[in-house]
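Asker: In mature numbering (1 follows the signal peptide of the UniProt record, and there is no 0), the protein residues as written are -21 to -1, 1 to 137. The beta-carbon is built from N, C-alpha and C at its ideal position, and this holds for glycine as well. What you are looking at is a predicted structure, and each value in this text was computed from that prediction instead of being measured. Got a structure for you, questions after.
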């Protein structure tokens, strides 16, 4: 009997771990140069930003995909950000500094959905910085490819 209970408990624990790994995070942490820093924005606050959809290819997927999310510049304007760059940090601690001009020169989004499905950790979510690379030849330069941060969880405005 003990073995059956222990096996059931282990199974439930593993199922819980697997399920939580697939669940999108519900918040984005933003620190740095803006009036209310630091702030953690939950999914409801992020959903208040206007949704934008772009269709573009990536260097890590096949074909063109439809990405939906919010414009990075809308988030920065909403927060009153005053810096010259943003450091984007992924769940695996990958980080890259992105010039603030990118967000005003191009329609860079923080995607929450790809091809109509919510992004999960298993497919680059919960948040993915996406550039409209097919709309601008300049964005097909490798320097921009490094700025596509997936599994994004933090932004630091400098």
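In this structure, does DSSP put residue 80 in helix, strand or coil?
Answerer: Numbered from 1 along the chain shown, position 101 holds the residue referred to as residue 80. It is helical.
Asker: From residue 143 to residue 108, what does the alpha carbon distance come to, in whole angstroms?
Answerer: Because the chain here runs from -21 to 137, residue 143 falls outside it and cannot be looked at.
Asker: Relative to the C-alpha of residue 126, which residue among 26, 102, 82, 98 is closest?
Answerer: Here residue 126 refers to the residue found at position 147 when the chain shown is read from its first residue. Answer by Cα proximity: 82.
Asker: State the Cα-Cα distance for the pair residue 80 and residue 101, rounded to the nearest angstrom.
Answerer: As a first step, residue 80 must be located in the chain shown, where it is residue number 101. As a first step, residue 101 must be located in the chain shown, where it is residue number 122. Looking at the two C-alpha atoms, the distance is approximately 30 Å.
Asker: Quick check: the Cα distance between residue 55 and residue 105, rounded to an integer number of angstroms?
Answerer: The residue given as residue 55 occupies position 76 in the chain shown. The residue given as residue 105 occupies position 126 in the chain shown. Distance between the alpha carbons of residue 55 and residue 105: 19 Å.
Asker: In the DSSP assignment, the alpha helix (DSSP H) including residue 123 goes from what residue to what residue?
Answerer: Numbered from 1 along the chain shown, position 144 holds the residue referred to as residue 123. Residue 123 -> alpha helix (DSSP H) spans 121 to 124.
Asker: Nearest to residue 62 by alpha carbon, out of 116, 17, 13?
Answerer: Reading the chain shown from its first residue, position 83 is the one you call residue 62. The option with the nearest alpha carbon to residue 62 is 13.
Asker: So, at 6 Å on beta carbons, what are the nonlocal neighbours of residue 113 in its own chain, with the 5 sequence-adjacent residues on each side left out?
Answerer: Numbered from 1 along the chain shown, position 134 holds the residue referred to as residue 113. Closer than 6 Å at the Cβ level, and outside the excluded window around residue 113, lie 35, 36.
Asker: According to DSSP, is residue -1 part of a helix, a strand, or is it coil?
Answerer: For the purposes of this step, residue -1 is taken as residue 21 along the chain shown, with counting starting at 1. For residue -1, the pLDDT reaches just 47, beneath the cut-off of 50, and the residue's location in the model is therefore unreliable, although a value from the coordinates is still provided. DSSP places residue -1 in helix when its eight states are reduced to three.
Asker: What is the rounded straight-line gap between the Cα of residue 2 and the Cα of residue 40?
Answerer: Within the chain shown, the letter at position 23 stands for residue 2. Within the chain shown, the letter at position 61 stands for residue 40. Because residue 2 sits at a pLDDT of 47, beneath the cut-off of 50, its placement in the model cannot be relied upon, and the following sentence gives the value as read from the coordinates. Taking the straight line joining both Cα atoms gives about 21 Å.
Asker: Could you please give me the residues that DSSP links to residue 63 through a beta bridge?
Answerer: Position 84 of the chain shown, counted from the first residue, corresponds to residue 63. Residue 63 pairs with nothing; no bridge assigned.
Asker: Where does the unbroken alpha helix (DSSP H) through residue 58 begin, and where does it stop?
Answerer: Start at 1 with the first residue of the chain shown, and residue 58 comes out as number 79. Segment 51 to 58, the alpha helix (DSSP H) holding residue 58.
Asker: Give the DSSP-derived three-state secondary structure of residue 138 in the structure shown.
Answerer: No statement about residue 138 is possible, as the shown extent of the chain runs from -21 to 137 and does not include it.
Asker: Starting from the N-terminal side, write out each stretch of the alpha helix (DSSP H) that is 4 residues or longer and does not extend beyond the segment 8 to 55.
Answerer: Within the segment 8 to 55, the complete alpha helix (DSSP H) runs of at least 4 residues are 22 to 26.
Asker: How is the beta strand (DSSP E) around residue 107 delimited, first residue to last?
Answerer: As a working mapping, residue 107 is identified with position 128 in the chain shown. Looking at the DSSP string, the run of the beta strand (DSSP E) that includes residue 107 is 107 to 109.
Asker: Spatial neighbours of residue 90 within its chain, please: C-beta separation below 6 Å, excluding the five flanking residues on both sides.
Answerer: On the chain shown, position 111 is the one that residue 90 refers to. Answer for residue 90: 46, 48, 107, 109, listed in chain order.
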